[in-house]
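What follows is a short report on a single structure.
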Ligand SMILES: Cc1cc2nc3c(=O)[nH]c(=O)nc-3n(C[C@H](O)[C@H](O)[C@H](O)COP(=O)(O)OP(=O)(O)OC[C@H]3O[C@@H](n4cnc5c(N)ncnc54)[C@H](O)[C@@H]3O)c2cc1C
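Numbering (my numbering), first residue to last: 14 to 475.
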């Protein structure tokens with residue numbers, strides 16, 4: 014039976030390709046990577062490209078791309094919408110360097126797809142950051158001011174008419190445009206990376222969860238029917254990393270959900286959304302949406318449901334209630350498409366950090382245990398940067414160690430059960446505040462105060 018979390022993208026991408034066999038018995042490798050998503054696979058590829066003799070094994074509990082990488086909105090964004098947070102985290106010079114690296118990654122992913130024949134529908138249609146209620150007009154002003162202060166020319170200010178024209182709906186009242194961003198069919202990209210990694214000699218074991226690993230050398234990872242001894246370990250487990258005691262308080266795992274319409278290329282042409290733009294609104298529970306190569310709309314929303322202790326399980330896979338919340342935004346923004354049926358709905362977990370910037374580094378300060386987590390809903394493009402940094406950390410490259418996102422100690426989230434209970438209260442307040450704003454009513458002061466406790470979002474708003 015097909016797993017319920019298989020997204021539209023994964024259904025398209027998996028085809029009949031047989032899975033790589035689970036690990037059986039005792040194995041050895043120079044580097045073991047836990048997780049076969051974008052982060053694990055880019056790291057594996059980078060390691061092999063830099064050192065072809067390096068023996069790399071990837072352990073994946075599901076199939077490669079079965080996690081967030083095969084379920085996301087496929088919006089390939091830079092870190093420019095997070096410039097203010099980056100400056101606060103690692104200083105202006107490093108923030109600008111990382112912003113430029115993330116923008117270059119968008120192009121590099123397209124070039125990689127071309128070079129390796131990965132048919133991931135890469136399209137450089139840009140990113141439209143919009144306001145869909147008067148309260149959100151200018152949400153980008155802080156980021157644009159930071160860009161200007163640091164000599165970054167990332168966004169174009171568009172007239173309200175132009176925003177409505179490009180997005181295909183007057184529900185978009187204002188916005189700015191980043192022409193560098195792209196969209197992909199993310200599962201095809203993940204499966205393409207898997208193919209390239211295998212071709213480079215990376216060994217991949219699917220249906221192979223790492224059950225536990227030693228912290229001290231000799232490193233050993235246990236799986237249900239085998240074990241791997243390795244010199245170094247890379248933790249690229251995204252939301253599942255919240256199960257590790259050392260990383261538990263660095264992450265809050267929240268839901269994000271997507272609905273996809275039937276193919277409607279003629280209707281998209283009618284409303285004028287034909288440029289391939291990826292769009293977000295400016296809600297805290299952000300809506301993100303794009304068109305697909307076959308003329309669907311894939312419309313996602315950060316629905317922000319949480320579980321106790323961040324356990325992933327199946328809670329984030331698919332939920333009718335969260336799909337309905339997501340569909341409500343789609344219908345509100347595109348009322349002229351009210352008759353268009355939805356064909357799929359799915360969800361996935363987001364590994365959110367307090368700043369919504371990723372955390373890379375050494376687990377417990379150990380050189381042999383490297384992690385890259387906390388992509389916070391913007392990992393399709395940035396994971397390309399992350400793979401390079403993680404490979405650099407494994408190879409002992411001082412440049413990687415100097416990266417401003419490495420070995421930082423952010424303020425952790427509060428411990429359980431306060432985190433779980435607090436997250437429910439904050440989510441309810443955010444919903445109340447955003448309902449009021451969407452209806453163009455002033456939100457209640459208490460809702461605004463409590464909503465302000467939510468972790469930073471995909472973009473630095475305000
Ligand atoms: C619904 C949704 C929409 C999103 N939309 C966007 C978007 O439009 N743009 C964007 O940039 N980002 C988006 N994201 C975020 C983006 O998908 C991720 O940041 C990105 O895929 C990060 O890749 P990863 O390798 O860290 O995670 P994953 O792809 O989740 O990889 C981690 C892997 O580790 C495996 N794993 C977990 N535990 C173990 C274990 N014990 N042993 C072995 N393997 C294990 C998992 O099965 C998984 O395959 C979205 C995420 C979701 C869920």
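Using N, Cα and C, we set each Cβ at its ideal position, and we do this for glycine too.
As the structure is a computational prediction, the values presented were derived from the model and not from experiment.
Query, Result
"Status (buried if at least 16 other CB within 10 Å, exposed otherwise) for residue 14", "A caution first: residue 14 carries a pLDDT of 41, below 50, which makes its placement in the model too unreliable to give a value."
"Rounded Cβ spacing between residue 269 and residue 122 (contact assumed at less than 8 Å)", "About 21 Å separates the two Cβ atoms, so there is no contact after all."
"Every unbroken beta strand (DSSP E) within the stretch 97-137, with a cutoff of 3 residues, ordered by chain", "none"
"Beta-ladder partner(s) of residue 215, from DSSP", "Note: residue 215 sits in no beta bridge, so no partner."
"Ligand 1 heavy atom lying under 7 Å from the CB of residue 289", "no"
"Beta-carbon spacing of residue 293, residue 35 below 8 Å", "no"
"C-beta contact flag for residue 309 and residue 284 at 8 Å", "no"
"Buried versus exposed, by CB contacts within 10 Å (16 or more), residue 62", "exposed"
"Cβ-heavy atom distance, residue 172 to ligand 2, below 7 Å", "Ligand 2 is not among the ligands present in this structure, which contains only ligand 1."
"Three or more C-beta pairs below 8 Å linking the stretch 428-435 and the stretch 83-97", "no"
"Other residues of its chain near residue 211: CB distance less than 7 Å, five sequence neighbours each side excluded", "217"
"From 426, 404, 427, 428, residue whose alpha carbon lies closest to that of residue 419", "404"
"Enclosing alpha helix (DSSP H) for residue 277 [first to last residue]", "Residue 277 -> no alpha helix (DSSP H), and no H or E assigned at all."
"Residue range of the alpha helix (DSSP H) that includes residue 180", "173-180"
"Close beta carbons around residue 157, own chain, < 7 Å, minus the five adjacent residues each side", "168, 189"
"Buried or exposed (CB count within 10 angstroms, at least 16 for buried), residue 259", "exposed"
"Secondary structure of residue 397, DSSP reduced to three states", "helix"
"Simplified DSSP state of residue 41, which is helix, strand or coil", "strand"
"Enclosing beta strand (DSSP E) for residue 372 [first to last residue]", "372-375"
"Extent of the continuous alpha helix (DSSP H) to which residue 343 belongs", "333-346"
"Residue range of the unbroken beta strand (DSSP E) whose run includes residue 261", "Counting along the chain, residue 261 falls outside any beta strand (DSSP E), and DSSP gives it neither H nor E."
"Closer than 7 Å: residue 74 CB and nearest ligand 1 heavy atom", "yes"
"Beta-carbon proximity of residue 233 to residue 77, cut-off 8 Å", "no"
"Neighbour flag for residue 468 against chain D, beta carbons, 8 Å", "Here there is only one protein chain, and chain D is not present."
"First through last residue of the beta strand (DSSP E) which encompasses residue 312", "310-314"
"Residues near residue 402 in its chain [Cβ-Cβ closer than 8 Å; skip 5 each side]", "373, 385, 413, 416, 418, 419"
"Cβ-based burial, residue 466 [other Cβ within 10 Å; buried from 16]", "exposed"
"Residue interval of the alpha helix (DSSP H) (run including residue 52)", "51-63"
"Test item: CB-CB of residue 143 and residue 180 under 8 Å", "yes"
"Delimiting residues of the alpha helix (DSSP H) encompassing residue 359", "Unbroken run through residue 359 is the beta strand (DSSP E), 355-365; no alpha helix (DSSP H)."
"Distance cut-off 7 Å: residue 81 Cβ against heavy atoms of ligand 1", "yes"
"Boundaries (first-last residue) of the alpha helix (DSSP H) holding residue 446", "431-451"
"Inter-residue Cα distance where the pair is residue 124 and residue 369", "27 Å"
"First and last residue of the uninterrupted beta strand (DSSP E) at residue 69", "69-72"
"Three-state class that DSSP yields for residue 14 in the structure shown", "For residue 14, the predicted model reports a pLDDT of 41, less than 50, meaning its position is unreliable; a value from the coordinates is still stated below. It is coil, neither helix nor strand."
"Contact belief for residue 193 with residue 295 at Cβ below 8 Å, rounded distance in angstroms", "20 Å between Cβ atoms; not a contact."
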